[in-house]
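In what follows, a single structure is set out as structure tokens and then discussed.
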DNA sequence: AATGGGACCTGCGCGC
DNA sequence: TGCGCGCAGGTCCCAT
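Numbering (this note's numbering), first residue to last: 3 to 268.
Laid out in structure tokens, this is it:
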């Protein structure tokens, strides 16, 4: 699921629902999800703590429990959070002092839960490039200028620019009419500016509509996002191009599926 | 150094 | 209806 807009949607709802709540108990049914410390240390470490702050770094949620204690949640592909009643499908359950629970949902069990002294120590976070929503045009231009990697692959490289995933990377290239197979350094100044603008605008639009529920993703209340209805290329292989009405094609780039319009995206 | 494939997991939709 | 296959929003690791 969760690219920047989905994680940001969850963050905003979490701020309202769990800030200042105490975690009174914790249950895990898929211990593999806990990457550090040990499962028992993790459990001991979260119980009794109060949620001080809920933040987001690219696609990760960082929940501050103490100055030196952070709960880090990476939802990976299929993770989401459900607040309210305990859910039988939950992979982990945080029991809260308001009598409600926070269910960690993840059909594919690929997500990661961590408890760390400081989230900034995490290797993955250290390596993250600037956030897609914040990166300046000149920084973005610098990124592309010396790289011959395919632009689509580059947009997904979190160490260069963070927050975009396979849905929104396809969307921004389509809206910018840039072929995903183009070498990054082949983009003109005009194309680079257009792409940069589309990255910012689509992420903002997606946040406004509470993300895309193309599959498992749901918001904190279990409701679908509204953005999937507005997507123009993602998952639309063989359907008509929004611009020219010719059929969209699907190719594989960097191991990921990619829909695009060979006619409009030059 | 860059690229491609597989691994991690489960569940869904499709075609036969 | 039942089964096997391909595929899925992310990231890491390895081989070439």
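From the three backbone atoms N, C-alpha and C, an ideal C-beta is built for every residue, glycine too. Because the structure is a prediction, the values reported are computed rather than measured.
Item: Got a sec, what are the start and stop residues for the beta strand (DSSP E) residue 28 sits in?; Value: 25 to 30
Item: Who are residue 107's beta bridge partners in DSSP?; Value: 82
Item: Among the residues of its own chain, which have a CB less than 6 Å from the CB of residue 108, if the five just before and after it don't count?; Value: 80, 81 and 93
Item: Starting from residue 170 and walking both ways along the alpha helix (DSSP H), at which residues does that stretch end?; Value: 168 to 177
Item: Select from 69, 155 and 16 the residue whose C-alpha is nearest the C-alpha of residue 222.; Value: 16
Item: Considering just the uninterrupted stretch of the alpha helix (DSSP H) at residue 74, what are its terminal residues?; Value: Counting along the chain, residue 74 falls outside any alpha helix (DSSP H), though it belongs to the beta strand (DSSP E) covering 71 to 76.
Item: Could you spell out where the alpha helix (DSSP H) holding residue 205 opens and where it closes?; Value: 191 to 210
Item: Quick one: using the 10 Å Cβ neighbour count with 16 as the cut-off for buried, is residue 11 buried or exposed?; Value: buried
Item: How is residue 238 classed by DSSP in three states: helix, strand or coil?; Value: coil
Item: Find out if the Cβ-Cβ distance for the pair residue 157, residue 175 is shorter than 9 Å.; Value: yes
Item: Which whole-angstrom value is the C-beta distance of residue 203 and residue 193, which I expect to be below 8 Å?; Value: Going by Cβ atoms, the distance from residue 203 to residue 193 rounds to 15 Å, so no, they are not a contact pair.
Item: Helix, strand or coil for residue 11 per DSSP?; Value: helix
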